[in-house]
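Take the numbering used here: the last position of the sequence shown gets the number 139, and nothing is skipped along the way.
Quick notes on the structure that follows.
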Amino acid sequence: MPIHAYLNFAGNCREAVEYYAKVFKTEKPKIMSFGDMPDNPQYPLPKEAKTMVMHTRLEILGSTVMFSDVFPGMPFTVGSNISLSVVTDNAEELKTAFHQLQEGGKVEMELQETSWSVYNYISSW
15 MPIHAYLNFA
25 GNCREAVEYY
35 AKVFKTEKPK
45 IMSFGDMPDN
55 PQYPLPKEAK
65 TMVMHTRLEI
75 LGSTVMFSDV
85 FPGMPFTVGS
95 NISLSVVTDN
105 AEELKTAFHQ
115 LQEGGKVEME
125 LQETSWSVYN
135 YISSW
């Protein structure tokens, strides 16, 4: 069950990830924007979010580093814009970790199926 660094940006993620790809001579990043996601009438997408980076990643010197822009209106603080992402194909392993982590953390998004995978978000410490 690998753990990857996840870096968040305030609207300049595309520029940053292209810079890191050049510096570390990685493959060209495949970038998923918020506008690439299926429309949801309950949560209309702000125009300024359509081209913002929802997710991308680079393989840098043997490590996976993931990147995203912070969605408009969400808080962003330079210095605390890094999170860890647990990646596993084992749903039971993920559920167990989620339930243990929620005891000492704050559930920002419940464990749920999304259009890309099972996902949740917990703030801790």
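Here a beta-carbon is modelled for each residue, glycine too, at the ideal position from N, C-alpha and C.
Since the structure is predicted, the reported quantities are computational estimates derived from the model, not experimental observations.
Assigned exposure category for residue i - 16 Cβ within 10 Å defines buried
i, result
"phenylalanine 23", "buried"
"valine 31", "buried"
"leucine 75", "exposed"
"methionine 15", "exposed"
"phenylalanine 38", "exposed"
"threonine 70", "buried"
"methionine 66", "buried"
Supposed close pair residue i, residue j - CB separation, criterion 8 Å
i, j, result
"cysteine 140", "serine 97", "For the chain, the structure presents residues 15 to 139; residue 140 sits outside this window and is missing."
"methionine 68", "methionine 88", "That belief does not hold up - the Cβ atoms of methionine 68 and methionine 88 are roughly 12 Å apart, past 8 Å."
"alanine 105", "valine 84", "The Cβ separation is near 28 Å, so there is no contact."
"lysine 44", "alanine 35", "About 11 Å separates the two Cβ atoms, so there is no contact after all."
Proximity winner among the options, relative to residue i (alpha-carbon distances)
i, options, result
"asparagine 134", "Tyr20, Arg71, Phe112", "Phe112"
"aspartate 53", "Ser99, Lys64, Leu21", "Lys64"
"isoleucine 17", "Gln116, Gly119, Ser99, Ser131", "Ser99"
"phenylalanine 48", "Lys61, Lys36, Gln56", "Lys61"
"serine 77", "Thr40, Tyr33, Gly119", "Thr40"
"glycine 25", "Phe90, Gln116, Gln126, Gly118", "Phe90"
Own chain, CB closer than 6 Å to residue i, minus 5 neighbours either side, in chain order
i, result
"tyrosine 121", "Checking the sequence, you will find valine at residue 121 rather than tyrosine. The answer, listed in chain order, is Ile136."
"valine 79", "Ala19, Leu72"
"methionine 123", "Asn134, Tyr135"
"leucine 108", "Thr102"
Residue i beta carbon near the ligand GDP (any heavy atom closer than 7 Å)
i, result
"phenylalanine 85", "No copy of the ligand GDP appears in this structure; indeed no ligand is present at all."
8 Å Cβ shell around residue i - same chain, five flanking residues per side excluded
i, result
"methionine 51", "Leu59, Met68, Ser129"
Ranges of the beta strand (DSSP E) found wholly within the segment 29–67, counting only runs of at least 3: none
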